[in-house]
Amino acid sequence: MSNATRPIYALYRSLIREVRLLPTEYLRQFFRLKLSDDVRAALDSKDARLQKGRVKRMRQIQRKLQAANLGRRREFDHVLDLAYGRKGKLRAEILQPLLTDPKAPLPARMIHNVERSRPPAYSKELTTLLTTAYSRTTKALTLKALQHPHTLPPRADPSTNDAKFMGPLSKRREVNIRWKFFTEQHKRVHPPLQVVLEERTESGDVVHKTDSSSVLRAGIRPVGLQGSGVFEEVQALAASRPRRRSAHGKPYPDSHASQPDFRSHLPHRFLRRRFQFLLGRLPVMTYRRAMPGDSTSNAGKPGMVACGTRRSAQAEGGKQEETRRGTSQGCLKPK
1 MSNATRPIYA LYRSLIREVR LLPTEYLRQF FRLKLSDDVR AALDSKDARL QKGRVKRMRQ
61 IQRKLQAANL GRRREFDHVL DLAYGRKGKL RAEILQPLLT DPKAPLPARM IHNVERSRPP
121 AYSKELTTLL TTAYSRTTKA LTLKALQHPH TLPPRADPST NDAKFMGPLS KRREVNIRWK
181 FFTEQHKRVH PPLQVVLEER TESGDVVHKT DSSSVLRAGI RPVGLQGSGV FEEVQALAAS
241 RPRRRSAHGK PYPDSHASQP DFRSHLPHRF LRRRFQFLLG RLPVMTYRRA MPGDSTSNAG
301 KPGMVACGTR RSAQAEGGKQ EETRRGTSQG CLKPK
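One point on numbering: in full-length UniProt numbering, the residue at position 308 of the sequence shown is 308, and numbering is uninterrupted.
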């Protein structure tokens with residue numbers, strides 16, 4: 001071990017000590033993998049300036065983890081956001097497949113013979129996320145806003161007075177404005193961890209399926225951490241209650257002992273509220289298969305999927321309030 005790499009290994013060991021204090025196994029595994037990638041990238045850096053920047057980012061993560069383990073709310077939320085794809089590299093990896101639709105035709109060029117003049121195409125998944133309030137960090141958009149962004153000047157419409165007096169808007173500028181709007185808006189979306197297929201059995205019972213095989217059979221693209229059980233674990237942790245103890249200090253028998261629980265020095269109430277708040281940033285896209293006799297316009301047609309939305313309650317600050325994004329669902333059809 002050289003003198004140059006010794007501080008990096010010392011920093012890595014310090015980070016691992018902080019990771020061991022995180023309250024769930026998923027968080028511990030996520031940050032072990034992330035930090036191993038980060039330290040490997042820092043050690044492999046040939047450029048001293050690049051290595052210094054990567055070590056600096058590792059120290060920033062160290063400060064966040066230390067503050068989170070001390071029970072500071074903002075830093076703990078930041079740790080959860082990184083681990084569950086609300087920000088950072090995992091978010092980009094979850095959202096990237098939803099930005100395109102491989103089966104949809106390319107939009108027409110706005111400038112003849114210029115391939116790069118094609119405007120952005122909104123996939124059905126992204127359209128649903130952009131037009132649903134529960135999956136947005138800001139106000140939901142309308143379908144009209146996607147077709148004609150508000151950032152386009154009036155000259156984009158040839159029939160307006162501005163276009164008649166000042167001339168039509170440059171097509172190249174219009175393409176750039178549309179792409180800038182597309183980029184800005186998808187950055188304001190909370191990507192789902194998975195999609196849910198809702199089916200009704202012959203007996204009338206409603207069944208929710210999240211395994212990849214069922215989703216693929218329905219012609220739906222799996223999303224994010226599909227079938228991993230990560231979202232269900234967050235729900236269980238957000239609804240968990242501390243075990244009651246007898247007068248002798250021994251816990252009462254717990255009928256939910258198989259459910260996930262926290263392993264942390266932090267108060268369970270604090271942890272439970274942080275995971276409840278996290279649910280508000282975890283939209284769930286639900287596909288509901290239309291059945292004969294349904295009131296939807298697509299009912300009875302094979303392969304069509306209707307949609308619905310539901311809300312869940314989350315506690316924040318000791319009060320029960322209806323979540324803005326807790327379990328939002330989108331309206332999509334399988335391809």
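Quick reminder that beta carbons are idealized off the backbone N, C-alpha and C, glycines included. Given the structure is predicted, the values throughout are model-derived calculations rather than measurements.
Asked                                                                                                                : Found
Tyrosine 26, DSSP secondary structure in three states                                                                : helix
Residue from Ser117, His150, Leu35 with nearest C-alpha to asparagine 176                                            : Ser117
Where leucine 266 falls: helix, strand or coil (DSSP)                                                                : coil
For lysine 87, the nearest candidate out of Leu193, Gly71, Leu169, His148 (CA to CA)                                 : Leu193
Neighbour-count burial assignment, arginine 91, 16 or more Cβ in a 10 Å radius                                       : buried
Unbroken alpha helix (DSSP H) run spanning lysine 180, endpoints                                                     : 171-186
Collapsed DSSP secondary structure at tyrosine 12 in the structure displayed                                         : helix
Close beta carbons around valine 206, own chain, < 8 angstroms, minus the five adjacent residues each side           : Glu198, Glu199, Arg200
Where the alpha helix (DSSP H) containing lysine 209 begins and where it ends                                        : Counting along the chain, lysine 209 falls outside any alpha helix (DSSP H), though it belongs to the beta strand (DSSP E) covering 206-209.
Cα-Cα separation, isoleucine 94 to valine 223                                                                        : 7 angstroms
Buried versus exposed call for phenylalanine 275 [16 or more other C-beta atoms within 10 Å across all chains shown] : buried
Rounded separation between valine 79 and arginine 281 - CA only                                                      : 13 angstroms
Alanine 313 versus phenylalanine 231: straight-line alpha-carbon distance, rounded                                   : Low confidence applies to alanine 313: its pLDDT is 45, below 50, so where it sits in the model is not reliable, and the reading given next is rough at best. Roughly 16 angstroms separates the two Cα atoms.
Valine 114 classed as buried or exposed, judged by whether at least 16 other C-beta atoms fall within 10 angstroms   : exposed
Cross-strand partners of threonine 128 (DSSP beta bridge)                                                            : Its beta-bridge partners do not exist; DSSP assigns none.
Secondary structure of methionine 285, DSSP reduced to three states                                                  : strand
Own chain, CB closer than 6 angstroms to aspartate 44, minus 5 neighbours either side, in chain order                : none
Residue environment, alanine 4, which counts as buried when at least 16 other CB atoms sit within 10 Å               : exposed
Spatial distance of alanine 238 from arginine 272 (CA atoms)                                                         : 5 angstroms
CA-to-CA distance, arginine 109 to glycine 167, given in whole angstroms                                             : 21 angstroms
Cβ-Cβ distance between valine 195 and tyrosine 122 below 8 angstroms                                                 : no
Test item: CB-CB of proline 119 and arginine 178 under 8 angstroms                                                   : yes
One or two residues paired with arginine 32 in a DSSP bridge                                                         : For arginine 32, which the question treats as bridged, DSSP gives no partner whatsoever.
Per-residue burial, leucine 169 [other beta carbons within 10 Å of its own, 16 or more giving buried]                : buried
Proximity below 8 angstroms, CB of asparagine 69 to CB of glutamate 18                                               : yes
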